[in-house]
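Asks: Using our numbering, you'd call the opening residue of the sequence shown number 1 and step up by one each time. Below you will find the structure I want to go over with you.
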Amino acid sequence: MTDASAKAARRPGEPALTALGLGAPAPDPADASPHSFPGGGRWRTEVPSCEGPEALAVVLKEASRLDVPIHRISQGSGVWMLSDAEITEMAEATADRDIELCLFTGPRGTWDIGGSTRTDSRGAGLRARGHDAVAGCVEDAVRATELGVKCLLVADEGVLWTLHRAREAGIIPRDTTLKVSALIGPVNPASYAVYEQLGADSVNVPSDLTLDHLTEIRRASAAPMDMYIEAPDDLGGYVRMYEVAELIRRGAPLYLKFGLSKAPGIYPYGHHMRDVTLASAKERVRRGRLALDLLARHGADGDMAPIGSRLPGELRRFGISS
1 MTDASAKAAR RPGEPALTAL GLGAPAPDPA DASPHSFPGG GRWRTEVPSC EGPEALAVVL
61 KEASRLDVPI HRISQGSGVW MLSDAEITEM AEATADRDIE LCLFTGPRGT WDIGGSTRTD
121 SRGAGLRARG HDAVAGCVED AVRATELGVK CLLVADEGVL WTLHRAREAG IIPRDTTLKV
181 SALIGPVNPA SYAVYEQLGA DSVNVPSDLT LDHLTEIRRA SAAPMDMYIE APDDLGGYVR
241 MYEVAELIRR GAPLYLKFGL SKAPGIYPYG HHMRDVTLAS AKERVRRGRL ALDLLARHGA
301 DGDMAPIGSR LPGELRRFGI SS
């Protein structure tokens with residue numbers, strides 16, 4: 001939202017609370033993000049955990065039925081869990097709708113032989129362990145982009161930097177976008193800015209960051225931000241539906257991610273998880289409709305980026321030495 005639209009927007013419960021003498025102070029213009037997506041717009045939408053062509057078909061059908069605009073659809077199991085035919089089918093179906101498809105790159109901590117992620121401290125987390133894991137992620141990136149995928153999800157700083165260098169060298173297409181996973185999302189402005197410099201085109205922050213945290217990040221970086229409006233249980237299960245307008249005002253440019261709490265984990269996906277995966281895919285779209293309806297009721301649904309827009313704009317990067 002721009003400052004002008006923020007002033008016109010109604011906050012949840014505002015008329016009733018004001019009548020009772022409990023009205024909140026006006027929003028501080030200094031808190032607002034000064035940034036937008038290139039080509040206009042302050043927010044885009046994303047439906048995550050779309051694990052294959054069948055789930056994608058469910059999402060697209062439900063999005064049409066409920067009139068939910070979608071800018072990006074992402075997958076969490078990984079490129080390696082999809083055949084060439086499945087990737088091609090997903091890439092073509094999303095391209096037909098001007099939707100960006102984002103697939104997760106290769107080996108990462110939870111599916112590796114190392115046991116540190118299963119300890120109480122979680123050890124090295126979801127990062128790529130050793131040269132071979134990085135190589136697997138690069139293999140996935142090359143294969144996916146050759147099949148028409150334009151966005152790659154990463155959960156390791158070294159993989160991010162390597163894929164950015166590969167992009168600059170023309171090993172993968174230069175218009176490939178790189179998205180940092182919520183599994184390693186930064187929680188302060190300094191680390192957020194580092195991810196931007198390493199090549200991130202959008203960065204998924206944890207859904208428990210405060211509004212003030214978003215303002216702090218926006219003073220350090222203009223890289224697009226991804227945030228679960230409703231987070232899966234393994235990421236906290238947070239539901240921030242009533243804060244959507246303020247999240248946009250503070251965090252723009254922002255991807256609104258329509259996740260789903262109280263749903264079983266489905267990674268890595270296989271046919272044995274089919275029923276719950278298709279049901280949860282459909283419900284994620286409905287959750288998106290609820291968020292968009294809430295924005296509309298509050299007069300805060302303006303400034304959505306045009307459908308089909310996907311690039312992040314000019315961002316700051318570390319220099320690449322030869």
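For each residue, glycine too, the CB sits at the ideal point set by N, CA and C. The structure displayed is predicted, hence computed values, not measured ones.
1) If I measure Cβ to Cβ from L160 and keep anything under 8 angstroms in the same chain, skipping five residues before and after, which residues do I get?
2) Report the start-end ranges of each beta strand (DSSP E) in the segment 222 to 270 that is 3 residues or longer and not cut off at the edges.
3) I need the straight-line Cα distance from M90 to L101, nearest angstrom please.
4) Is I320 closer than 8 angstroms to R167 when the C-beta atoms are compared?
5) Determine the DSSP secondary structure at L17, reduced to helix, strand or coil.
6) Does the beta carbon of D84 fall short of 7 angstroms from some heavy atom of the ligand MN?
7) For G259, does the count of other Cβ atoms within 10 angstroms reach 16, so buried, or fall short, so exposed?
8) Given this structure, state the Cα-to-Cα distance separating S191 from L20, to the nearest angstrom.
9) Suppose the cutoff is 6 angstroms on Cβ atoms and the five residues either side in sequence are ignored; what does the same chain contact list for P312 look like?
10) How about the segment 248 to 255 and the segment 275 to 284: do they share at least three Cβ pairs that are nearer than 8 angstroms?
11) For S121, which of helix, strand or coil comes out of DSSP?
12) Given a threshold of 16 other Cβ atoms within 10 Å of its Cβ, counted over all protein chains shown, does P29 qualify as buried or as exposed?
13) Please state whether DSSP places S77 in a helix, a strand or coil.
14) Between Y255 and A32, what straight-line distance do the alpha-carbon atoms span, to the nearest angstrom?
15) Are T327 and T145 close, meaning C-beta to C-beta below 8 angstroms?
16) Does the Cβ of A263 have 16 or more other Cβ atoms within 10 Å, making it buried, or fewer, making it exposed?
17) May I have the straight-line CA-CA distance separating A57 from A222, to the nearest angstrom?
18) Less than 8 angstroms between C-beta atoms, sequence neighbours within five positions excluded: which residues of the same chain meet that for P306?
19) Given this structure, state the Cα-to-Cα distance separating P34 from R218, to the nearest angstrom.
20) Do you know whose CA, among F318, M304, E314, L315, lies nearest T45's CA?
21) Counting Cβ pairs closer than 8 angstroms, one from the segment 57 to 69 and one from the segment 266 to 274, do we hit at least three?
22) For S121, count neighbouring Cβ atoms within 10 angstroms of its own Cβ and tell me buried if that reaches 16, exposed if not.
23) What span of residues does the beta strand (DSSP E) with L103 cover, start to end?
24) Should D208 be labelled buried (16 or more other beta-carbon atoms within 10 Å of its own) or exposed?
25) Rounded to whole angstroms, what is the Cα-Cα separation between V134 and L163?
26) Can you find the residues in the same chain that come closer than 6 angstroms, C-beta to C-beta, to D156, ignoring five residues on each side of it along the sequence?
27) Taking only the alpha-carbon atoms, compute the straight-line gap between V314 and R174 and give it to the nearest angstrom.
28) Based on the DSSP secondary-structure assignment, which residues constitute the bridge partners of W43?
29) Which residue wins for smallest C-alpha separation from L66, given the options Y242, L183, R287?
30) Candidates P69, S49, H71: which alpha carbon is nearest G78's?
31) Return the residue from the list P232, A193, M227, R289 that minimises the CA-CA distance to R317.
32) Grab me the residues of A4's own chain with a C-beta within less than 7 angstroms of its C-beta, minus the 5 sequence neighbours each way, in chain order.
33) Determine the direct distance from the alpha carbon of R284 to that of A55, and round the result to whole angstroms.
34) State the start and end residues of the unbroken beta strand (DSSP E) segment that holds L211.
Replies: On the basis of the data shown:
1) V154, L178, V180, Y195, L198, G199, A200
2) 225 to 230, 254 to 258
3) 8 angstroms
4) no
5) helix
6) Among the ligands in the structure shown, none appear at all, so the ligand MN cannot be discussed.
7) buried
8) 43 angstroms
9) D201, P224
10) no
11) Note that S121 scores 46 on pLDDT, short of 50, meaning its location in the model is unreliable; the coordinates nonetheless yield the value given after this. The answer is coil: DSSP assigns S121 none of H, G, I, E or B.
12) exposed
13) coil
14) 16 angstroms
15) Because the chain here runs from 1 to 322, residue 327 falls outside it and cannot be looked at.
16) buried
17) 33 angstroms
18) G39, G40, G41
19) 8 angstroms
20) M304
21) no
22) Note on S121: pLDDT 46, under 50, position unreliable in the model; no value is reported.
23) 100 to 104
24) exposed
25) 10 angstroms
26) R127, A128
27) Per the sequence presented here, residue 314 reads as Glu, with Val not at that position. Approximately 13 angstroms between the Cα atoms of the pair.
28) L254, M304
29) R287
30) S49
31) A193
32) A caution first: A4 carries a pLDDT of 49, below 50, which makes its placement in the model too unreliable to give a value.
33) 11 angstroms
34) Unbroken run through L211 is the alpha helix (DSSP H), 211 to 218; no beta strand (DSSP E).
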